[in-house]
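Novice: Chains as they are written, first to last, in my numbering: chain A, -8 to 102; chain B, 369 to 723.
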Amino acid sequence: METTYYNPADLKKFGNISELQPELGRKFFDYYGEVFKEGALTEREKALIALAVSHAVQCPYCIDAYTSDCLEKGADENQMMEAVHVAAAIKGGAALVHGVQMMNKIKELTM
Amino acid sequence: MGIPVKSLKAQHHLFADPTYQLEVLRHAGLEEEFPPFAVRLQEHGLYPLRPTGTTILQINLGKMCNQTCRHCHVDAGPDRKEIMTRDTMQLCLDALAKAPHIATVDLTGGAPEMNPDFRWFVEQLYPLGRQIIVRCNLTIILANKKYHDLPLFFKEHGVQVVSSLPYFSASRTDAQRGGGVFEKSIKALQLLNEVGYGQAGSGLQLDLVYNPSGAFLPASQKSLEAEFKRRLLSGYGIVFNNLFCITNLPVSRYLDYLVESDNYGSYMEKLVNAFNPVAAAGVMCRNTVSVGWDGLLYDCDFNQMLELKVAPSAPRHIRDFDLQRLDERAIVLNQHCYGCTAGAGSSCGGETAGK
């Protein structure tokens, strides 16, 4: 029995999610593959976005996968850390902007 | 990880022994056994792998080098004294005279320029009218006053310069090639540009080689070339012609790095999973013969470092050079060959699958 919620070896088994729902699984992976192809954005830019999102959603599988992918696509450490800061800024900003809601409520409730 | 100052050989390291390296490649102690490379070729009708016609003679002028790069498959360095003699160079010239179809002579090392007969050899090659490639590590140009005029010497002899620059930043370059290498490489590239190398219309070709500074595969050549051109021009005013992406093969110091950093299994798995039959059909050993510093013949520079000589049916020393018999040989294969067939393929001229 697994003693941790996350096992690095499970990343390789991602494709197995199709076993219980092949049609939706196939559609998801087809879509996934299309999304990461070079388009208006380069593959490297998409890998950096994916790395930032991986941190925002705090997915350890995604962080492993997109750290490797960014290196393979030729991104450097500065670009990768800047991408993580973008995620952190949005996450932090998203928390802080709710301070306005808090201030509105304060105004409503206080003299 | 620090750069070792001494070669593996000088350290009496286990990985200095090609037999031990082959043992590791065969029995990696991994959970998963990787299929033998020859079996993968057989599945695609490519076994035995035979030459398509030799057009390149790659000559290793020796293992001496001013750098001790972390990934070097030659285990080159300042302490390596094995270099080609003028007599052996003459045998190479004799072989070329008998083989007009060999259009390209590719000089490598070590730092080939450190061989005291390097300039003599290039001067003899020049009138033969073949394309001459020198794999220059760039820093050699600045290493000593006697090398400062190399850009001019290259220009006067129509040499195509192919130089390693693993990244357009100092941290990634120096981690692989040694402290201060990036700064010196940039200076050397500017000196090559000054005499016309890489400049449009000059006819002087300057190509760069990218190979990953770690346990990962290279990106697509086209996309990285565009990024290198943009960053080197905006940051340092440097221009060049092509970027060749080369996959690191699990040989010598790179194999040691993989094992030491516990990346060997996952790296081999990446190579094996990325096997591409189109890249396999275009591997460089099909059009290249590699000559060792002592005149022995190999299918490629990696086989040379693993001391896997050409098949016994072919002549095995440059003095016995016979192109027809060489072109009939079966190429010697091992598990490191997965490095040349992964993804878009890899060769001394970069990707192979798109060619």
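Glycine included, every Cβ here is placed at the ideal spot set by N, Cα and C.
Name the chain B residues that come within less than 9 Å of Lys64 (chain A), Cβ to Cβ?
Specialist: The answer, in chain order, is Ala587, Ser588, Ser591, Leu592.
Novice: I'd like the ranges of any beta strand (DSSP E) spanning at least 3 consecutive residues and lying wholly in the region 533 to 593 of chain B.
Specialist: Qualifying beta strand (DSSP E) stretches, in chain order: 574 to 578.
Novice: Quick one: measure Cβ to Cβ for His525 (chain B) and Ile500 (chain B), integer angstroms, because I've assumed they're closer than 8 Å.
Specialist: Contact flag correct, Cβ pair sits at about 7 Å.
Novice: Using the Cβ count rule (16 or more neighbours within 10 Å means buried), how would you classify Val91 (chain A)?
Specialist: So Val91 (chain A) counts as exposed.
Novice: Could you please give the first and the last residue of the uninterrupted beta strand (DSSP E) stretch that includes Pro658 (chain B)?
Specialist: A small fix is needed here, since residue 658 (chain B) is Ser in this sequence, not Pro. Looking at the DSSP string, the run of the beta strand (DSSP E) that includes Ser658 (chain B) is 656 to 659.
Novice: Below 8 Å between beta carbons is the criterion; list the residues of the region 22 to 51 of chain A that meet it against any residue of chain B, in chain order.
Specialist: The region 22 to 51 of chain A vs chain B, Cβ under 8 Å: Glu29, Thr33, Glu34, Arg35.
Novice: Classify Ala479 (chain B) as helix, strand or coil using the three-state DSSP reduction.
Specialist: Ala479 (chain B): coil per DSSP, three-state reduction.
Novice: Skipping 5 residues on each side, what residues in its chain have a beta carbon closer than 7 Å to that of Leu510 (chain B)?
Specialist: Excluding residues within five positions, the ones whose Cβ falls inside 7 Å are Lys552, Lys555, Ala556.
Novice: Kindly confirm or deny that the region 424 to 437 of chain B and the region 470 to 484 of chain B touch, where touching means at least three C-beta pairs closer than 8 Å.
Specialist: Yes, the region 424 to 437 of chain B touches the region 470 to 484 of chain B.
Novice: Output needed for Thr101 (chain A): all residues of its chain with C-beta closer than 7 Å, excluding positions within five of it in sequence on either side, in chain order.
Specialist: Cβ neighbours of Thr101 (chain A) beyond the five flanking positions: none.
Novice: Return helix, strand or coil for Val502 (chain B), following the three-state DSSP convention.
Specialist: It is a strand residue.
Novice: Which residues of chain E have a Cβ atom closer than 8 Å to the Cβ of Ser602 (chain B), listed in chain order?
Specialist: In summary, chain E is missing from the structure at hand, where the protein chains are A and B.
Novice: Which stretch, first to last residue, makes up the alpha helix (DSSP H) that contains Cys61 (chain A)?
Specialist: That run of the alpha helix (DSSP H) goes 51 to 63.
Novice: CA-CA distance, Arg104 (chain A) and Tyr625 (chain B)?
Specialist: Any property of residue 104 (chain A) remains undetermined from this structure, which presents chain A solely from -8 to 102.
Novice: Less than 8 Å between CB atoms is the rule here; does Gly582 (chain B) satisfy it with respect to chain A?
Specialist: Yes - at least one Cβ of chain A is within 8 Å of the one on Gly582 (chain B).
Novice: Please return the same chain residues whose Cβ sits closer than 7 Å to the Cβ of Arg684 (chain B), not counting the five positions on each side in sequence.
Specialist: Excluding residues within five positions, the ones whose Cβ falls inside 7 Å are Leu664, Leu665, Lys677, Val678.
Novice: So is Lys466 (chain B) buried or exposed if we call it buried at 16+ other beta carbons inside 10 Å?
Specialist: Counting Cβ neighbours within 10 Å, Lys466 (chain B) comes out exposed, since fewer than 16 surround it.
Novice: Taking the alpha carbon of Gly497 (chain B) as the reference point, which residue from B:Val530, B:Leu461, B:Ala384, B:Asp485 has its own alpha carbon closest?
Specialist: Checked all of B:Val530, B:Leu461, B:Ala384, B:Asp485; the closest Cα to Gly497 (chain B) is B:Leu461.
Novice: Given Tyr(-3) (chain A), which residues of its chain have a CB within under 7 Å of its CB, disregarding the five upstream and five downstream residues?
Specialist: Excluding sequence neighbours, Tyr(-3) (chain A) sits near Pro51.
Novice: Is the beta carbon of Glu719 (chain B) closer than 8 Å to that of Ala710 (chain B)?
Specialist: Cβ atoms of Ala710 (chain B) and Glu719 (chain B): not closer than 8 Å.
Novice: Between which two residues does the beta strand (DSSP E) carrying Gln426 (chain B) extend?
Specialist: It spans 424 to 428 - the beta strand (DSSP E) in which Gln426 (chain B) sits, taken as one unbroken run.
Novice: Is Asn616 (chain B) near Asn641 (chain B), with beta carbons less than 8 Å apart?
Specialist: Against a cut-off of 8 Å, the Cβ pair of Asn641 (chain B) and Asn616 (chain B) comes out as no contact.
Novice: State the CB to CB distance for the pair Ser715 (chain B) and Val651 (chain B), rounded to an integer number of angstroms; the pair is presumed to be in contact (CB under 8 Å).
Specialist: Yes, Ser715 (chain B) and Val651 (chain B) are in contact; Cβ-Cβ is about 7 Å, under 8 Å.
Novice: Is it a yes or a no for the region 681 to 695 of chain B touching the region 446 to 462 of chain B, going by three-plus beta-carbon pairs under 8 Å?
Specialist: At 8 Å Cβ cutoff, the stretches touch.
Novice: Looking at Phe550 (chain B) and Ala538 (chain B), is the spacing between their C-beta atoms short of 8 Å?
Specialist: Contact: yes.
Novice: Roughly how many whole angstroms lie between the Cα atoms of Asp662 (chain B) and Leu425 (chain B)?
Specialist: Roughly 15 Å between the two C-alpha positions.
Novice: I'd like the span of the alpha helix (DSSP H) that includes Cys460 (chain B), first residue to last.
Specialist: Start and end: 454 to 465.
Novice: Which same chain residues, not among the five before or five after Asn561 (chain B), have their C-beta less than 7 Å away from its C-beta?
Specialist: Here the set comprises Gln567, Ile606, Val607.
Novice: The region 519 to 535 of chain B: which residues have C-beta closer than 7 Å to a C-beta of chain A, in chain order?
Specialist: Correct list: Tyr535.
Novice: Could you check what DSSP says for Ala710 (chain B) in three-state terms: helix, strand or coil?
Specialist: Residue state, collapsed to three classes: strand.
Novice: Do Glu25 (chain A) and Lys64 (chain A) come within 8 Å of each other at the CB atom, strictly closer than that value?
Specialist: Their beta carbons are not under 8 Å apart, which means Lys64 (chain A) does not touch Glu25 (chain A) by this criterion.
Novice: Should the region 584 to 598 of chain B be called in touch with the region 59 to 74 of chain A, which here means at least 3 C-beta pairs below 8 Å?
Specialist: Verdict: yes, contact present.
Novice: Note down, in chain order, every chain B residue with its Cβ under 7 Å from the Cβ of Ser59 (chain A).
Specialist: By Cβ distance, chain B contributes Phe584.
Novice: Among the candidates B:Gly546, B:Lys514, B:Asn505, whose CA atom is the shortest distance from the CA of Asp575 (chain B)?
Specialist: It is B:Asn505 whose Cα lies nearest to the Cα of Asp575 (chain B).
Novice: Give, in chain order, every unbroken run of the alpha helix (DSSP H) that is at least 4 residues long and sits entirely within the region 609 to 690 of chain B.
Specialist: If we require 4 residues or more, the alpha helix (DSSP H) runs fully inside the region 609 to 690 of chain B come out as 620 to 628, 632 to 641, 645 to 649, 669 to 673.
Novice: Would you give the residue range spanned by the alpha helix (DSSP H) that Ser45 (chain A) belongs to?
Specialist: It spans 34 to 47 - the alpha helix (DSSP H) in which Ser45 (chain A) sits, taken as one unbroken run.
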